[in-house]
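Chemist: Using the working numbering, you'd call the opening residue of the sequence shown number 11 and step up by one each time.
All C-beta atoms in this analysis are idealised placements derived from N, C-alpha and C, irrespective of residue type, glycine included.
Given the structure is predicted, the values throughout are model-derived calculations rather than measurements.
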Amino acid sequence: MQSKENNNCQGKGSFFLRERERARERERERERERQRQRQRQRQRQRERAREREREREREREREREREREKSGDKFDPNNYRGICVNSNLGKILCIIINSRLVHFLNENNVLSKCQIGFLPNYRTTDHVFTLHTLIDNQTNQNKGKVFSCFVDFKKAFDSIWHEGLLYKLMESGVGGKTYDIIKSMYTNNKCAVKIGKKHTHFFTQGRGVRQGCSLSPTLFNIYINELARALEKSAAPGLPLLESEVKCLLFADDLVLLSPTKEGLQQHLDLMHRFCQTWALTVNLSKTKIMVFQKRSSHQDHKYKFHLDTVALEHTKNYTYLGLNISTTGNFHKAVNDLRDKARRAFYAIKRNINFNIPIRIWQKILESVIEPIALYGCEVWGPLTNQDFTKWDKHQIETLHAEFCKNILRVQRRTPNNACRAELGRYPLIIKIQKRAVKFYNHLKGSDSQTFHNKAITYREMNLEKSPLSKLVLGLCSQTQTHTTEPQDSSTIRPNQIMRKQKDNYLTHWKELTKKQSKLECYLALHREYTAAEYLTTVTDPKLRKALTMYRLSEHSLAIEKGRRRQTWLSREDRLCAHCPQNEVETELHFLTSCPMYDHIRETYFPQITQIHKEFENKSNFEKLPYLLGEIPQCAITAARFVTCCHKKRATSEEQTPL
Numbered sequence: 011m012q013s014k015e016n017n018n019c020q021g022k023g024s025f026f027l028r029e030r031e032r033a034r035e036r037e038r039e040r041e042r043e044r045q046r047q048r049q050r051q052r053q054r055q056r057e058r059a060r061e062r063e064r065e066r067e068r069e070r071e072r073e074r075e076r077e078r079e080k081s082g083d084k085f086d087p088n089n090y091r092g093i094c095v096n097s098n099l100g101k102i103l104c105i106i107i108n109s110r111l112v113h114f115l116n117e118n119n120v121l122s123k124c125q126i127g128f129l130p131n132y133r134t135t136d137h138v139f140t141l142h143t144l145i146d147n148q149t150n151q152n153k154g155k156v157f158s159c160f161v162d163f164k165k166a167f168d169s170i171w172h173e174g175l176l177y178k179l180m181e182s183g184v185g186g187k188t189y190d191i192i193k194s195m196y197t198n199n200k201c202a203v204k205i206g207k208k209h210t211h212f213f214t215q216g217r218g219v220r221q222g223c224s225l226s227p228t229l230f231n232i233y234i235n236e237l238a239r240a241l242e243k244s245a246a247p248g249l250p251l252l253e254s255e256v257k258c259l260l261f262a263d264d265l266v267l268l269s270p271t272k273e274g275l276q277q278h279l280d281l282m283h284r285f286c287q288t289w290a291l292t293v294n295l296s297k298t299k300i301m302v303f304q305k306r307s308s309h310q311d312h313k314y315k316f317h318l319d320t321v322a323l324e325h326t327k328n329y330t331y332l333g334l335n336i337s338t339t340g341n342f343h344k345a346v347n348d349l350r351d352k353a354r355r356a357f358y359a360i361k362r363n364i365n366f367n368i369p370i371r372i373w374q375k376i377l378e379s380v381i382e383p384i385a386l387y388g389c390e391v392w393g394p395l396t397n398q399d400f401t402k403w404d405k406h407q408i409e410t411l412h413a414e415f416c417k418n419i420l421r422v423q424r425r426t427p428n429n430a431c432r433a434e435l436g437r438y439p440l441i442i443k444i445q446k447r448a449v450k451f452y453n454h455l456k457g458s459d460s461q462t463f464h465n466k467a468i469t470y471r472e473m474n475l476e477k478s479p480l481s482k483l484v485l486g487l488c489s490q491t492q493t494h495t496t497e498p499q500d501s502s503t504i505r506p507n508q509i510m511r512k513q514k515d516n517y518l519t520h521w522k523e524l525t526k527k528q529s530k531l532e533c534y535l536a537l538h539r540e541y542t543a544a545e546y547l548t549t550v551t552d553p554k555l556r557k558a559l560t561m562y563r564l565s566e567h568s569l570a571i572e573k574g575r576r577r578q579t580w581l582s583r584e585d586r587l588c589a590h591c592p593q594n595e596v597e598t599e600l601h602f603l604t605s606c607p608m609y610d611h612i613r614e615t616y617f618p619q620i621t622q623i624h625k626e627f628e629n630k631s632n633f634e635k636l637p638y639l640l641g642e643i644p645q646c647a648i649t650a651a652r653f654v655t656c657c658h659k660k661r662a663t664s665e666e667q668t669p670l
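(1) Given this structure, state the Cα-to-Cα distance separating Leu-603 from Ala-433, to the nearest angstrom.
(2) Do you know how far the Cα of Phe-316 is from the Cα of Gly-274?
(3) May I have the straight-line CA-CA distance separating Leu-323 from Leu-295, to the nearest angstrom?
(4) For Met-282, tell me which candidate among Asn-88, Val-161, Tyr-452 has the shortest Cα-Cα distance.
(5) Can at least three beta-carbon pairs, one atom from the stretch 387-405 and one from the stretch 567-585, be found at a separation below 8 Å?
(6) Please identify the residue among Cys-416, Leu-440, Trp-580 whose C-alpha is closest to the C-alpha of Gln-374.
(7) Grouping DSSP H, G and I as helix and E and B as strand, with all else coil, what is His-325?
(8) When you compare the CB positions of Ala-413 and Cys-431, do they come within less than 8 Å of one another, or not?
(9) Do Cys-656 and His-624 count as a contact pair if the criterion is CB distance below 8 Å?
(10) Near Val-654, which residues of its chain fall below 6 Å by C-beta distance, leaving aside the five closest residues on each side in sequence?
(11) Beta carbon of Phe-285, beta carbon of Leu-229: below 8 Å?
(12) By Cβ distance, which residues of its chain are closer than 7 Å to Pro-669, with the 5 residues on each side in sequence left out?
(13) Tell me where the beta strand (DSSP E) around Asn-335 begins and ends.
(14) Closest by CA to Arg-350, which one among Gly-333, Asn-363, Leu-121?
(15) If I'm right that Cys-159 touches Leu-267 with Cβ under 8 Å, what's the distance once you round it to whole angstroms?
(16) Within the same chain, show all residues whose beta-carbon is closer than 8 Å to that of Lys-526, passing over the 5 residues directly before and after it, in chain order.
(17) Helix, strand or coil: how does DSSP classify Pro-669 here?
(18) In the DSSP assignment, find the beta strand (DSSP E) that holds Cys-159 and state where it starts and stops.
(19) Label Asp-610 either buried or exposed according to how many other C-beta atoms from any shown protein chain fall within 10 Å of its C-beta, with 16 as the threshold for buried.
(20) Mind checking whether Phe-463 and Leu-395 have CB atoms under 8 Å apart?
(21) Would you check if there are 3 or more beta carbon pairs closer than 8 Å linking the stretch 117-124 to the stretch 256-271?
(22) What's the gap between the Cα of Lys-164 and the Cα of Tyr-546?
(23) Out of Gln-148, Gly-216, Thr-143, Thr-134, state which residue places its alpha-carbon closest to the alpha-carbon of Phe-167.
(24) Would you check if there are 3 or more beta carbon pairs closer than 8 Å linking the stretch 200-212 to the stretch 356-369?
(25) Given a cut-off of 8 Å, decide if Gly-218 and Ser-269 are closer than it, judged by their beta-carbon atoms.
(26) Quick check on Gly-637: does DSSP put it in helix, strand or coil?
(27) Give the DSSP-derived three-state secondary structure of Pro-250 in the structure shown.
(28) Only counting the same chain, and skipping five residues up and downstream in sequence, which positions put a Cβ closer than 7 Å to that of Ala-353?
(29) Any idea what DSSP makes of Tyr-331, helix, strand or coil?
(30) Go ahead and pull the three-state DSSP assignment for Thr-598.
(31) Can you tell me which of the three DSSP states Val-380 falls into?
(32) Which runs of the alpha helix (DSSP H) spanning at least 4 residues fall entirely within the stretch 557-608, listed in chain order?
(33) Tell me the rounded alpha-carbon separation between Ile-106 and Asp-190.
(34) Use the C-beta contact count for Glu-146: other C-beta atoms within 10 angstroms, 16 or more gives buried, fewer gives exposed.
(35) I need the boundaries of the alpha helix (DSSP H) containing Lys-165, first residue and last residue.
(36) Taking all protein chains shown into account, decide if Asp-136 is buried (16 or more other Cβ within 10 angstroms of its Cβ) or exposed.
Spelled out as structure tokens, the structure:
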């Protein structure tokens with residue numbers, strides 16, 4: 011009996027030993043599987059990094075190709091333009107003459123209303139807004155088509171016939187001393203070609219206005235004005251706009267011919283061809299394109315044939331007009347994508363060509379003065395067509411680009427929350443700047459001459475507010491600061507700065523609500539900071555120290571609390587335990603910085619230094635110490651950055667030494 015009991019005990023003991031060994035083996039297998047997952051994850055990260063590098067290289071190659079296409083063959087004289095090298099007194103004289111000449115042209119209504127190039131109080135977006143209004147009216151509301159031809163003149167400013175220009179001046183009523191001065195400037199005009207330190211003999215120039223001279227655009231407008239007048243008087247139909255007909259839009263030499271019928275557009279082309287033959291202008295046929303605007307681009311076809319003289323003109327579905335890529339449906343989706351790509355190329359070109367660390371405040375200035383003007387070009391027109399909700403705007407192409415730049419400046423990864431990155435730099439979403447520019451543009455349209463096309467365009471749109479995105483946007487913004495804003499307003503009563511202050515307050519409310527819902531930003535909320543650029547970004551000049559501080563402020567690190575959120579290594583919050591201490595606590599930023607025993611010796615070094623700067627630090631609770639340890643207190647930001655960096659390095663070293 012005793013022997014049987016002993017055998018049972020031995021059997022149970024061996025069973026438990028085997029089970030324990032199996033459990034250990036399963037745990038080792040799970041650890042090996044986790045290690046394999048980490049290796050696969052690192053491999054995927056390396057592959058993604060290589061793919062990003064290949065994509066950047068392809069983008070650089072495309073950029074070089076675009077530069078080659080733009081610059082052309084440097085040994086071809088046709089790819090060069092002469093520039094006017096004038097004395098300072100000569101420049102001042104030209105400015106004075108131009109001012110008087112423009113005043114005379116406006117007073118006597120010499121120039122056609124379709125020409126607004128380089129004239130005071132006009133801008134490129136005026137014509138873009140007018141064109142978009144005409145297309146929307148004809149295609150969406152009247153269910154018709156718009157037949158258009160975007161004309162490119164070959165070296166327009168260099169082709170001006172001097173004798174013809176003087177004749178045009180006299181025909182326009184310009185005489186007296188002004189005429190004599192302009193005539194003396196273009197009579198027996200001499201120029202030379204300079205290459206390096208050598209130049210040719212001077213030779214007579216009989217064509218072209220002076221490139222770089224403030225008077226030249228006005229002279230060109232006078233020279234081409236007859237074409238606009240002839241189109242206005244022609245019997246060919248134009249697009250209706252209130253009581254007017256729009257047959258062409260001119261911005262200096264950028265010309266678009268418009269007609270509701272294919273016969274009308276062909277008549278416009280014939281008239282333009284006769285004008286060019288008479289006045290020595292040449293049309294660049296390879297860049298002159300036909301576009302037929304209609305509601306559905308899927309129905310596009312090229313059954314409509316147009317020709318200039320005997321040459322057939324090509325059709326296109328997209329054309330860059332005054333800097334914006336317009337499609338045959340009249341939308342700006344391609345334009346916005348192009349602006350995003352241009353801004354991205356500009357940003358990385360600057361970053362690639364500067365080999366030293368630029369301070370954060372300088373990067374902020376670069377964003378505001380270089381990148382934003384590129385990305386937001388024409389936003390007065392396309393901005394009101396986008397969704398104005400802050401949450402939905404955050405996914406817009408331009409805002410995702412803005413967030414990408416912010417993360418690049420802060421040197422954090424793409425998965426860092428956009429709202430936290432913007433807050434760290436004190437930057438508001440670009441939709442607020444778009445709204446401000448839209449309000450100013452609305453004031454400009456409403457305050458312009460009632461006979462201008464863009465004023466008629468906004469007046470026409472406001473006949474049905476539901477069809478006027480710009481007016482709806484402005485009225486919606488005004489309703490937050492004023493009352494009785496259901497009808498179009500006098501532009502003098504609209505205060506853009508007041509509206510923008512209200513919009514910033516609205517965004518701050520939205521930001522606080524959104525941030526409270528994001529468990530990832532619990533540590534960031536504990537800093538209790540204002541929505542301004544963090545001072546440590548200026549105080550901590552060492553990029554490595556600053557990056558470490560930013561990583562832990564924005565929770566972009568490898569602590570268990572964050573690793574457990576990722577799809578490949580997901581764990582419930584209570585299971586995201588610190589693997590470097592026996593306290594069995596969740597490895598949060600608070601635990602990592604204030605209580606994990608592995609970093610006690612580092613705290614013994616840096617906590618007294620912080621206490622010397624701020625006496626009250628010693629008596630604070632661990633939670634209250636977070637703002638000090640994460641650089642929110644400017645006086646101890648550098649010490650905090652060194653402390654966080656040391657803890658980060660210690661943890662990284664410990665993970666590398668941890669056995670499987």
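Modeler: Put simply:
(1) 23 Å
(2) 11 Å
(3) 7 Å
(4) Val-161
(5) no
(6) Comparing Cα-Cα distances from Gln-374 to each of Cys-416, Leu-440, Trp-580, the minimum goes to Cys-416.
(7) strand
(8) yes
(9) no
(10) Ala-558, Leu-559, Tyr-562
(11) no
(12) The pLDDT assigned to Pro-669 is 45, lower than 50, so where the model puts this residue is not dependable; a value taken from the coordinates is nonetheless given after this. Excluding sequence neighbours, Pro-669 sits near nothing in its chain.
(13) Its beta strand (DSSP E) spans residues 334-337.
(14) Gly-333
(15) 4 Å
(16) When the five nearest sequence neighbours on each side are left out, the beta carbons in the same chain lying within less than 8 Å of the beta carbon of Lys-526 are those of Leu-535, in order along the chain.
(17) Confidence at Pro-669 is low in this model, with a pLDDT of 45, below 50, so the placement of that residue is unreliable and no value is reported for it.
(18) 156-161
(19) exposed
(20) no
(21) Contact between the stretch 117-124 and the stretch 256-271 is established, with three or more Cβ pairs separated by less than 8 Å.
(22) 54 Å
(23) Gly-216
(24) no
(25) No.
(26) The sequence shown places Pro at residue 637, rather than the Gly named in the question. If DSSP states are grouped into helix, strand and coil, Pro-637 belongs with the helices.
(27) The answer is strand: DSSP assigns Pro-250 an E or B state.
(28) Once the five neighbours on either side are set aside, the close Cβ partners of Ala-353 are Ile-381, Ile-384, Ala-385, Leu-411.
(29) strand
(30) coil
(31) helix
(32) Segments of the alpha helix (DSSP H) lying fully in the stretch 557-608: 570-573, 599-604.
(33) Cα to Cα, Ile-106 sits roughly 15 Å from Asp-190.
(34) Note that residue 146 is Asp in the sequence shown, not Glu. Classification for Asp-146: buried.
(35) Neither: Lys-165 is in no alpha helix (DSSP H) and is coded neither H nor E.
(36) Buried, since its Cβ has 16 or more Cβ neighbours within 10 Å.
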